[in-house]
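Take any residue in the sequence shown, note its place counting from 1, add 55, and you have its number in my numbering.
What follows is a set of notes on a single structure, which appears directly below.
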Amino acid sequence: MPAPGALPWSSTPEGVVLTVRATPRGGRDGLDGIVELADGRRAVKARVSVAPEDGKANAALAKLLSKAVGLPASRVELVSGATARLKTFRLTGDPAELTARLQALLQG
56 MPAPGALPWS STPEGVVLTV RATPRGGRDG LDGIVELADG RRAVKARVSV
106 APEDGKANAA LAKLLSKAVG LPASRVELVS GATARLKTFR LTGDPAELTA
156 RLQALLQG
């Protein structure tokens, strides 16, 4: 398991902040593990089948994350990167529980 600083998420009092590298028009919707970025940071690699038009890909990513971690869609919020591949989402809930779900989902 990578060192905590190398994880693509961090805990906050309100939940977890998650870095996502998005691939729109990816053929299918899914989370494909953790990828290392050129600057050494890590991100969750995610694909959605919809095109990045009118926020549709962002909405699909939020829905995908919501389902993956078992949160209502209202508790998954895009906080930066609306027009970029690299995005930051806020997942609102118990930080320890969300961290455990993300680790189980993405690290085996």
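Where a beta carbon is used, it is the ideal one built from N, C-alpha and C, also for glycine.
Once the 5 residues before and after residue i are set aside, which same chain residues still bring their CB inside 7 Å of it?
i: V131; result: A117, L120, S121, F144, L146
i: P63; result: L73, T74, I89, R97, A98, V99
For residue i, list the residues DSSP reports as bridge partners.
i: A159; result: Answer is none; A159 lacks a bridge partner.
i: L73; result: W64, F144
i: T78; result: R102
For residue i, which residues in the same chain have their Cβ closer than 8 Å to its Cβ, ignoring the five residues on either side in sequence?
i: R140; result: R76, A77, T78
i: G70; result: R130, R145, L146, T147, G148, D149, P150, L153
Among the options, which one has its Cα closest to the Cα of residue i?
i: R83; options: A93, S66, A101, I89; result: A101
i: L126; options: D94, P150, P68; result: P150
i: A137; options: Q162, D109, A123, A155; result: D109
i: R80; options: V105, L161, G70; result: V105
i: L86; options: A115, L133, A155; result: A115
Please return the same chain residues whose Cβ sits closer than 6 Å to the Cβ of residue i, not counting the five positions on each side in sequence.
i: E176; result: This structure does not reach residue 176, given that the chain is present from 56 up to 163, and the question cannot be answered.
i: A61; result: R97
**Prompt:** At what residue ranges does the stretch 82-152 contain a whole run of the beta strand (DSSP E), taking only runs of 3 or more?
**Reply:** As far as the stretch 82-152 is concerned, its whole beta strand (DSSP E) runs of at least 3 residues are 85-91, 97-102, 131-135, 141-147.
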